[in-house]
Amino acid sequence: PPGPRMPLWGSAAERPPSKRRSSRAMTDSPVQQHPTAELPLVSDLIAQYKPVIAAVRARPELATVLQPEHDDIFILRYVISFRSDVGKCADAIKRAILWRREHASGLAR
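To convert, count from 1 in the sequence shown and add 3; that's the working numbering.
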């Protein structure tokens, strides 16, 4: 196990101010909107990123690793994470799939 956790700052005075609001400030505020209320639908995201998803699927390095279970939603996660950089998406997808295959027995537990 790792050693004891050491604080990043020597004292509270050296600690940068917290970005969190106090619970009192949150309860005194007007009705808050649910955090997912403004999130787009997955179907809209797939339509928006369809050309990028197709470009990732077409990468030759993914031809041997992509399987039918790797649908558009699977690829969309990487497209959004890597801001539509097709090369980085393809590399991350390939590494993730190969890692999962290598560690499949441990993941099945």
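Backbone N, C-alpha and C fix where the C-beta goes; we use that ideal spot for every residue, glycine too.
Residue i versus residue j: straight-line alpha-carbon distance, rounded
i, j, result
"Gly109", "Glu41", "37 Å"
"Gln72", "Ala111", "According to the sequence displayed, residue 72 carries Glu and not Gln. Each residue's Cα considered, the two are about 17 Å apart."
"His106", "Tyr81", "20 Å"
"Arg104", "Ala66", "16 Å"
"Gln70", "Ile49", "18 Å"
Chain-order list of residues whose beta-carbon lies under 6 Å from that of residue i (same chain, five-residue window excluded)
i, result
"Ile100", "Val68"
"Val89", "Ala58 and Val59"
Best match in the options for proximity to residue i [C-alpha to C-alpha]
i, options, result
"Gln51", "Arg98, Ser87, Ile96 and Glu64", "Ser87"
"Arg62", "Ala93, Ile49 and Lys53", "Ala93"
"Asp47", "Ala66, Ile83 and Arg104", "Ile83"
"Pro54", "Gln70, Pro43, Asp75 and Glu64", "Asp75"
Own chain partners of residue i with C-beta closer than 8 Å, once the 5 adjacent residues on each side are dropped
i, result
"Ile78", "Ile56, Val59, Arg60, Cys92 and Ile96"
"Phe85", "Lys91, Cys92 and Ala95"
Local Cβ density within 10 Å of residue i, reported as buried at 16 or more and exposed below that
i, result
"Val45", "exposed"
Contact set for residue i: own chain, Cβ-Cβ below 7 Å, skip 5 residues either direction
i, result
"Glu64", "Ala93 and Lys97"
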